[in-house]
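First the structure, in the form of structure tokens, and then the observations on it.
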Amino acid sequence: MSSKYPFAIGVTRLRKEPAWVMNFDLSGAIADLKVASSYVMDDQLIDVAGTAEWVHGGILITGKISTQWEGECRRCLGPTSGSLQISFRELYERVEPGGELAGEGDTYPYSGDIIDVGEMVKDQVLLELPLAPLCKDECKGLCVSCGSDQNLGDCGCVETEIDPRWQALDILVDKDR
8 MSSKYPFAIG VTRLRKEPAW VMNFDLSGAI ADLKVASSYV MDDQLIDVAG
58 TAEWVHGGIL ITGKISTQWE GECRRCLGPT SGSLQISFRE LYERVEPGGE
108 LAGEGDTYPY SGDIIDVGEM VKDQVLLELP LAPLCKDECK GLCVSCGSDQ
158 NLGDCGCVET EIDPRWQALD ILVDKDR
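The sequence shown lines up with residues 8 to 184 when you count with our numbering.
Spelled out as structure tokens, the structure:
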């Protein structure tokens, strides 16, 4: 709709012609999308494509969100990235200025003839960002002794130190032998 509100959808026609289904394609950036060590860069475009239709109780917005994320691998602490493809289906309820939603949080509010789906997009992306990303499933992580990246090769450290908290279990293992 505009660069100031990239996720705004005009719904005047939907309110006047309830049988009409509107298609939309939106693209913009949202700042501060971060969960643990995963994030979407502030200037990364987020694409939203879908439909809006009048239903009893409001306007139903369905579609797909796609974007790229970056982060830090939970094992080796190296950079990692991926893409998000999110399907959504959300109900927007018309609320007069100063009014409250009739529902119990299952809907998003809108007033006037514009629905800004930016908050919903932000919610969906934050829910889908990986909490503890991996650079690859086979990531070997860091050596517990010297801290070197085991994916780059063996560091030569020998694991002979036993954590004192686990020594009692070693006694049990020795009894079973």
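Where a beta carbon is used, it is the ideal one built from N, C-alpha and C, also for glycine.
Small disclaimer: the values here were computed from a predicted structure and weren't measured.
Could you check the C-alpha separation between Met8 and Ala36 for me, to the nearest Å? Residue placement at Met8 cannot be trusted, given a pLDDT of 46 that sits under 50; the coordinates are not used to answer.
What runs of the beta strand (DSSP E), each 3 residues or longer, lie entirely inside the segment 98-146? Whole beta strand (DSSP E) segments, 3+ residues: 114-117 and 121-123.
Considering only C-alpha positions, which residue in the set Gln75, Glu103, Ile66 and Asp32 is nearest to Leu133? Among Gln75, Glu103, Ile66 and Asp32, the Cα nearest to that of Leu133 is on Gln75.
Taking Leu21 as part of the alpha helix (DSSP H), name the residues at either end of that continuous run. Counting along the chain, the alpha helix (DSSP H) containing Leu21 begins and ends at Thr19 to Lys23.
In or out: Ile121 buried (at least 16 other Cβ within 10 Å) or exposed? With fewer than 16 Cβ atoms within 10 Å of its Cβ, Ile121 is classed as exposed.
Contact check, Val18 vs Ile66, beta carbons under 8 angstroms: Yes, these two residues count as a Cβ contact at 8 angstroms.
Bridge-paired residues (DSSP) for Leu33: According to DSSP, which records beta bridges pairwise, Leu33 is partnered with Val55.
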